[in-house]
Amino acid sequence: MTAPSDLADRLGLAPGARAIILNADDFGMCHAANTAIIDLLTAGRIDSTTVMVPCSWSPAALAFAASRTDLDVGVHLVLTSEWARYRWRPLTGTATSLVDAAGFFPTDVLSVEQNATDDDVAAELAAQLQTALDAGVDVTHLDNHMGSVYGLVTGRGFLRPVFELAARHGLPFRLPRSMDGVGEDSALQAQLDAAAAAADAAGVEIIDRLWSHPFELLREGTPDEETYEQMRDGFIALLRAVPAGVTEIYLHPMVDDDELRAAVDFSAAKRGYELRLLSDPAVLQAIEDEALVRIGWRDLRDLQRGDAR
């Protein structure tokens, strides 16, 4: 296990503290996402969320965030549109390198890495953040939908414009320093090391680790389909494995309803399971038993801006 950075210490946490940030991705994607995430945020079941600004339900998400600036709400930077029946387009228009033949963001990261230009990416990501700021959101952090800026497929990423944007606005960014807990890949770890060095040079705060569980419902549609209890037990095991340092754990909780099932191609049940999971007494007890320290992205933003308490 890689030793954590000094982030926890700089945040004023106790030596050896095992800090987590529970983040809900995809706020604003649809009404089902908004309903679930607003309920979880206001109940204190998650620590933060990030808005998909190009999506149809983002105005409602942004309006809520602007009305509750005490909550940690960031921007989920979008360059892909993965579903077959529900698509979204760039804020900067369709006469760019960011769209497919139908004028939408592409469905896959490979297409982004192969076709998008640095200038178009920089302009689009800046527009997404500015839209949130103009809506009155006290943006706490940035992260990225589907990992489209990291260069995970071909090695061609877009972290430079991301770090420039984050530094310009004094915002931390979702980038882990370590592969701990998600597999051993020396090439990817070397890529992370270089990215972390670039973030440090830009003065952008990043986290020690980034964890989740499978996005999809395992064995969906088979007699051996993953049950809620199996997913919950796996998530509790993940919580018990959190090491010292700062680890973000991200999920995609939504209401499993007709709207969601019309929008997504698979795993609507998993989205509903995650909504249930985050209020499950067994999960809450595991967090307490493990003495996990829940923090928010605002803590990192305050540190980055030099006004940490």
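Per our numbering: the sequence shown = residues 1076 to 1384. Cβ coordinates follow ideal geometry from the N, Cα and C atoms, glycine included. Computed from a predicted model, the values in this text were never measured in an experiment.
Within the same chain, and ignoring the five residues on either side of P1079 in sequence, the residues whose Cβ sits closer than 6 angstroms to its Cβ are D1283, A1319, G1320. In this structure, the straight-line span from the alpha carbon of R1294 to that of D1340 is close to 15 angstroms. Under a 10 Å Cβ-count criterion, M1127 is classified as buried, with 16 or more other Cβ atoms of the shown protein chains found around its own Cβ.
Under the criterion of beta carbons closer than 8 angstroms, A1316 and G1256 qualify as touching, at roughly 6 angstroms. In this structure, the straight-line span from the alpha carbon of V1174 to that of L1313 is close to 37 angstroms. At a Cβ-Cβ threshold of 7 angstroms, R1160 and F1179 do not count as neighbours. In this structure, the CA atom of Y1348 is about 39 angstroms from the CA atom of G1381.
The shortest C-alpha to C-alpha distance from L1326 to any of E1301, L1240, W1372, F1310 is the one to F1310. Taking the Cα positions, A1202 is about 13 angstroms away from A1241. Sorting S1342, G1226, D1213 by C-alpha distance to the C-alpha of Q1189 places G1226 at the top. Taking all protein chains in view, the Cβ of G1103 is crowded by 16 or more other Cβ atoms within 10 Å, so the residue is classified as buried.
For G1232, there is no enclosing alpha helix (DSSP H), as DSSP marks it with neither H nor E. The count of Cβ pairs closer than 8 angstroms, one atom from the segment 1142-1150 and one from the segment 1206-1222, reaches three, so the stretches are in contact. Counted as a single uninterrupted DSSP element, the alpha helix (DSSP H) harbouring W1372 occupies residues 1372-1380.
A straight line joining the alpha-carbon of N1109 with that of P1247 spans about 23 angstroms. When the beta-carbon positions are compared, L1292 and A1344 come within less than 7 angstroms of each other.
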